[in-house]
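K.L.:
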Amino acid sequence: MRRLLNLRFALSLAAACVAGYALYASWSWPFRTALFPRVIALPILFLALIELALSVWSIEREREGHAVDFQLTDTVEPALARKRTIAIIIWMLGFLVLILLVGFPLAVPIFVFVYLRIAGREPWTLTIVLTAISWLFMEGLFNRFLHLPFPEGLIFGLWR
Amino acid sequence: MLDAFIDGLYVVFQWQTFLMMLLGIFLGFWVGLLPGLGGTTTLALMLPFIYQMTPVEAFAFLLGMHSVVATTGDITSILFGIPGEGTTAATVLDGHAMAKKGEAGRALGAALMSSLIGALIGAFALALAIPVVRPLVLSFGAPELFMLAIVGIAFISSLSGQGGRALLRGILAGLLGLLFALVGQDPQAGVLRFTFGQLYLWNGLDLIPVLVGLFAIPEIIDLAVRGTSIAGELPGENLGRGVWVGVKDTFVHFWLTVRCSLVGTFIGIMPGLGGGVAQWIAYGHAVQSARTSEERTGFGKGDIRGVLGPGAANNSKEGGSLIPTIAFGVPGSSSMAVLLGAFFLQGIMPGPDMLDKHLVLTFSMVWTMVVANIITVVISLFFLNYLAKLTLIRGTVLIPFILFLAFIGAYTSNNHLGDLLVLLAFGFLGYVMIRCGWPRSPLVLGFVLGRIAENNFYISTIRYGPSWALRPLVLVLIALTVIVLFFPFIRFKGRELTGGEVS
Amino acid sequence: MKTSLITFISLVLFFANAPSYGASLYEGKTITIIVGYKPGGGYDRYARLIAKHLRKYIPGNPGVIVQNMPGASSVIAANHLFSVAKPDGLMIGTFNNATVVAQLIKVEGVRFDLTKFAWLGSAASDAVILSVRSDLPYKTADDLRKAKQFVIGTTGPGSSTHDFPALLKEFAAFDFKLVPGYSSSADVMLAVERKEVDGRAGSYDSIKPFIDRGLVRPIIRNRTTAPGIEKLPVDENLATSQTGKLIMAVNAVPTQIYRPFVAPPGTAKDAIKILRDAFANALKDKELLAEAEKGKMTIDYVSPEDALKVVAEVLGQPPDVVQVLAKYIKFGD
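Protein chains in written order, with my numbering: chain A, 15 to 174; chain B, 273 to 775; chain C, 5 to 337.
Here's what the structure looks like:
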């Protein structure tokens, strides 16, 4: 059962599902539109199922780094590592939600401030100085100088 | 020919021109560093300012800026793991891994030096190639471009790591990349593919949020997990000293740097391959230079060659991509498309004349790129020691800023909230892939080449019928594909001590 | 280093937003022009050119800035202008002229009604032409009609490079072989140069440099015209059926309002009046015209009334015609 729940199994299952969806979606398309998606999705489906099977039956160490890619840190105790991973993912999603709620220009200084105080437990002076810098960058460069269109935060729509 | 080459250099050093170039370099330096500021966008924003300039001044300004962007983009990639530009993502893999080992200075030195050599070789290769460049570009039709994309895709086998299981995952990643490239309106029948009713997806997934997500997000997670600075708890005093080691590394692997520069120049000259392709092919080639399979799996974990290859290709391609723009009026990248607008503003008609009557102007452009790079590299060398120290800043202080830059960098590609969703989706995918031992670089390779392969395949078959596959250059490229594909197996045959992982 | 950047930025900001005095609706305000494409393209260049000169003609001398909102061939920007942007007279926008086709054939995701926008007019019109490689023996439309399997490169359905020759093939008995898939119209031109394809259709402005260079010659145009190509045969007159004629006419409409500019629906009457006058006057501005000339951008003002009439004409087609239209005209880049 544990092997069925591991990440490798999930990733290859996801790849197989993506390929399956691609094949399904290409069903009603004209030939030329559908050819490449099918030619690509079929081997994905096939290979992903092999990888799926291997992830269930073959034993492999969890972070074995034989890919030509970087290796995640393994010097941190697993339980702590898991806790920190979940925390940072929540911070990232929180940043996104904050951007949706109050808009990009305000979300940036707020996020920097809150992160430095809560996650970093940095002293007040440093926190305030860095928050000010982030606000200057955001407001000066991206808002005032480059005129990027930033959608208004959702909460400002409430009392209108 | 030679006269024009020298006159072109002379023109660059006239003081007004030189001053304009310095201004351009100053701007480009910051544009490259900041992920939210793209080179193309900045070029477009600067267009209104060139009305008052002479052609030589205008191009000194614009090209000075443009050519520096790729160089300083590498700095952000190495230090923080965020691609400073869409074209500098490959440097993240080994460059940032080195920074985490406390070798930020060495990686920066190598990136800058290889950029300089790339720019120089690109310029000289171009100067030599000018007599043959028109026939060269014209001999590459759709069938050849299709095969070039296939050659690129074949590098997946080198980028996958050793053993059957690793190859399986590499191919899977590459195919997924190809599939992601197909999102959006298809040019054959105008059907919307995989857009889920979202207007945002009509024009396909954008390269920038995909790359920033794949590369920056896993690094941010890892940084948070370690709870230290980027360089970890390593003794800090070695950090800055590495710059000269990195510069020397460039010459230790001199021929690799040269080869990757030539690869970059060539890909730059080919219109329609786009700016993102060169560095990944160069990276694949750098990985091929590994002599043993252990060496190969060392890539992505801080091998200096993984910095040198893309660093060189990145800058050499800029010289090359000038060619289709000035000789045919066909821009080789989106930056070049903006530059084409500048040509019109200056009353210059791109065309064969640029390689003939206006050769001095053409060479002055090439020289601008070279001189701008020399100036940037020399100035930067003095700062690199300080820049490298940024990797000693506490992670908790850096993380909000890296996140800010990653988010704004992704957002500026379409100014749409969808960019942020793509960023996080691919960030999460990248993280899971690393956890599962799937390599990310084949996915990027598939992603940047997918559309090119599909479009040119249809143009070839509709235009030429099946006979396109028998064109002489196509046959050469097919042979090249086979070599690239089986290179890892030929090279490591008989040297294997450990068996494959497949049960 | 960081401080010098900030100094630089604040200097730029200071000059960009230098305050001006005068009493009016627009004093101390900033007008935003939303562009449906990324910086650097044609729409962006027109918007930035107009932004630079518009303020002179608005009492109160407001700042004018350009914001890029790319995506979905500018349907995202058009949707935004229609339902999200505030109708406070400070918002204008420019988007793909073919959005009128998108609305007509009810493309999924279109949430705007072009007839309800407060139109400022169009900054330019641009003919669509079919050009053939100069070394080929075809000099007139009649010559071309004799050609067998004449190869035309295109960027795909929905673009003028594709739809224009496709209609000629379908309704005017030309034996064309369309090859879609080129990444840009300039890319098709390169294919012409390497003799991979024999001809290319597209906007006259974009083909003109190559005509001047002697690479291609123009053969057929649509009903919109431009100096130098007035005498070319018009596609509608070559059509062999009434349906064909009608479809070609509808397909030509967006080229008459090639660079449309609108304000959101519901913008106050006095603001619209000021903006319309300013838009019309800015396009007569000597400096603007000189810069446009330099940048090879045609300026050809179309009044808001005429623009709206053109739009209404297309959208007023009966459902059965629309059904036939949708078969041949797609919406895309």
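Every residue gets a Cβ at the ideal spot worked out from N, C-alpha and C, and that includes glycine.
Hey, out of C:Arg-204, C:Glu-200 and C:Leu-287, whose CA is closest to Asp-167 (chain C)'s CA?
P.N.:
Among C:Arg-204, C:Glu-200 and C:Leu-287, the Cα nearest to that of Asp-167 (chain C) is on C:Arg-204.
K.L.:
Out of B:Pro-744, B:Thr-500 and B:Arg-531, point me to the one whose CA is closest to Ala-397 (chain B)'s CA.
P.N.:
It is B:Arg-531.
K.L.:
Quick one: residues in its chain with C-beta nearer than 6 Å to the C-beta of Ala-51 (chain C), no 5 flanking neighbours on either side, listed in chain order?
P.N.:
Excluding positions up to five away in sequence, the list reads Ile-37, Val-39, Val-70 and Thr-98.
K.L.:
Which residues mark the beginning and the end of the beta strand (DSSP E) in which Val-463 (chain B) is found?
P.N.:
Where Val-463 (chain B) is concerned, there is no enclosing beta strand (DSSP E), given that its DSSP letter is neither H nor E.
K.L.:
Do the region 367-375 of chain B and the region 669-677 of chain B make contact, defined as three or more Cβ pairs closer than 8 Å?
P.N.:
No, the region 367-375 of chain B does not touch the region 669-677 of chain B.
K.L.:
Along the chain, where does the beta strand (DSSP E) containing Leu-471 (chain B) start, and where does it finish?
P.N.:
Careful: Leu-471 (chain B) lies outside any beta strand (DSSP E) and carries neither H nor E.
K.L.:
Taking Cβ positions only, does Ile-724 (chain B) come closer than 9 Å to chain C?
P.N.:
So, interface residue.
K.L.:
By Cβ distance below 6 Å, which residues in the same chain neighbour Leu-118 (chain C) in space, the five residues on each side in sequence not counted?
P.N.:
Here the set comprises Val-104, Gln-107 and Val-315.
K.L.:
Would you tell me roughly how many angstroms separate the C-alpha atoms of Asp-275 (chain B) and Leu-335 (chain B), rounded to the nearest one?
P.N.:
Their Cα atoms are separated by approximately 22 Å.
K.L.:
Taking 6 Å as the limit between beta carbons, can you name the residues of its chain near Gly-296 (chain B), skipping five residues before and five after?
P.N.:
Taken in chain order, the residues that qualify are Phe-333, Gly-336 and Met-337.
K.L.:
DSSP state of Ser-42 (chain A), grouped into three classes?
P.N.:
Helix at Ser-42 (chain A).
K.L.:
What are the start and end residues of the beta strand (DSSP E) that includes Asn-366 (chain C)?
P.N.:
Here chain C comprises residues numbered 5 to 337, so residue 366 (chain C) is not present and cannot be evaluated.
K.L.:
Are the C-beta of Tyr-323 (chain B) and some C-beta of chain C separated by less than 9 Å?
P.N.:
It does: the Cβ of Tyr-323 (chain B) has a partner Cβ on chain C nearer than 9 Å.
K.L.:
Could one say the Cβ of Gln-71 (chain C) lies closer than 9 Å to chain A's Cβ atoms, at least one of them?
P.N.:
Closer than 9 Å to some Cβ of chain A, the Cβ of Gln-71 (chain C) qualifies, so yes.
K.L.:
Name the chain B residues whose beta carbon is nearer than 8 Å to that of Ile-80 (chain C)?
P.N.:
Within 8 Å Cβ-Cβ: Leu-471, Tyr-472 and His-688.
K.L.:
Just by C-beta distance, which residues in the region 44-68 of chain C are closer than 7 Å to chain B?
P.N.:
Correct list: Gly-44, Asp-48, Arg-49, Arg-52 and Lys-56.
K.L.:
Output needed in chain order: residues of the region 485-509 of chain B with a Cβ under 7 Å from some Cβ in chain A.
P.N.:
The region 485-509 of chain B vs chain A, Cβ under 7 Å: Ile-492, Ile-493, Asp-494, Ala-496, Val-497, Arg-498 and Gly-499.
K.L.:
Could you tell me whether the Cβ of Thr-668 (chain B) comes closer than 9 Å to any Cβ of chain A?
P.N.:
Cβ-Cβ to chain A under 9 Å: yes for Thr-668 (chain B).
K.L.:
What residues are listed by DSSP as bridge partners for Gly-377 (chain B)?
P.N.:
Gly-377 (chain B) pairs with nothing; no bridge assigned.
K.L.:
Would Gly-536 (chain B) and Lys-589 (chain B) be called neighbours here (beta carbons separated by less than 9 Å)?
P.N.:
Yes.
K.L.:
Could you tell me the alpha carbon to alpha carbon distance between Arg-77 (chain A) and Leu-450 (chain B), rounded to whole angstroms?
P.N.:
In this prediction, Arg-77 (chain A) scores a pLDDT of 45, lower than 50, which makes its location untrustworthy; no coordinate-derived value is stated.
K.L.:
Is DSSP giving Trp-123 (chain C) helix, strand or coil here?
P.N.:
Looking at Trp-123 (chain C) - three-state DSSP - the assignment turns out to be strand.
K.L.:
Going straight from the alpha carbon of Arg-22 (chain A) to that of Ile-443 (chain B), what length do you get?
P.N.:
Distance between the alpha carbons of Arg-22 (chain A) and Ile-443 (chain B) is about 16 Å.
K.L.:
Under the three-state reduction of DSSP, which class applies to Gln-551 (chain B): helix, strand or coil?
P.N.:
Of the three classes helix, strand and coil, the one that applies to Gln-551 (chain B) here is helix, per DSSP.
K.L.:
Are the Cβ atoms of Thr-467 (chain B) and Val-482 (chain B) separated by less than 9 Å?
P.N.:
In this structure, Val-482 (chain B) does not lie closer than 9 Å to Thr-467 (chain B) by Cβ.
K.L.:
Looking only at DSSP bridge pairs, what is Gly-203 (chain C) linked to?
P.N.:
Note: Gly-203 (chain C) sits in a beta bridge opposite C:Val-136 and C:Ile-156.
K.L.:
Chain B beta carbons: is any one of them nearer than 9 Å to that of Arg-137 (chain C)?
P.N.:
Not one chain B Cβ lies under 9 Å of Arg-137 (chain C).
K.L.:
Helix, strand or coil: how does DSSP classify Leu-312 (chain C) here?
P.N.:
Three-state result, Leu-312 (chain C): helix.
K.L.:
Between Tyr-683 (chain B) and chain A, is the shortest Cβ-Cβ distance under 9 Å, so that the two count as touching?
P.N.:
Answer yes: the Cβ-Cβ gap between Tyr-683 (chain B) and chain A drops below 9 Å somewhere.
K.L.:
Quick one, are the C-beta atoms of Leu-692 (chain B) and Tyr-683 (chain B) less than 9 Å apart?
P.N.:
Contact: yes.
K.L.:
At the 9 Å Cβ level, is Glu-76 (chain A) part of the contact set with chain B, yes or no?
P.N.:
Because the pLDDT of Glu-76 (chain A) is 47, which lies under 50, any placement of that residue in the model is unreliable, and the number read from its coordinates should be weighed accordingly. Glu-76 (chain A) counts as touching chain B.
K.L.:
DSSP three-state label for Met-293 (chain B), please.
P.N.:
In the structure shown, Met-293 (chain B) sits in a helix (DSSP, three-state: H, G or I).
K.L.:
Hey, is Arg-465 (chain B)'s beta-carbon within less than 9 Å of any beta-carbon in chain A?
P.N.:
Interface residue, yes.
K.L.:
Once the 5 residues before and after Asp-289 (chain C) are set aside, which same chain residues still bring their CB inside 8 Å of it?
P.N.:
Cβ within range, chain order: His-57, Lys-60 and Tyr-61.
K.L.:
Against Val-610 (chain B), what residues of chain C qualify as contacts under a CB-to-CB distance less than 7 Å, listed in chain order?
P.N.:
Here the neighbours are Gly-44.
K.L.:
Please check if any C-beta of chain C sits within less than 9 Å of the C-beta of Gln-412 (chain B).
P.N.:
It should be noted that the sequence gives Phe, not Gln, for residue 412 (chain B). Interface residue, yes.
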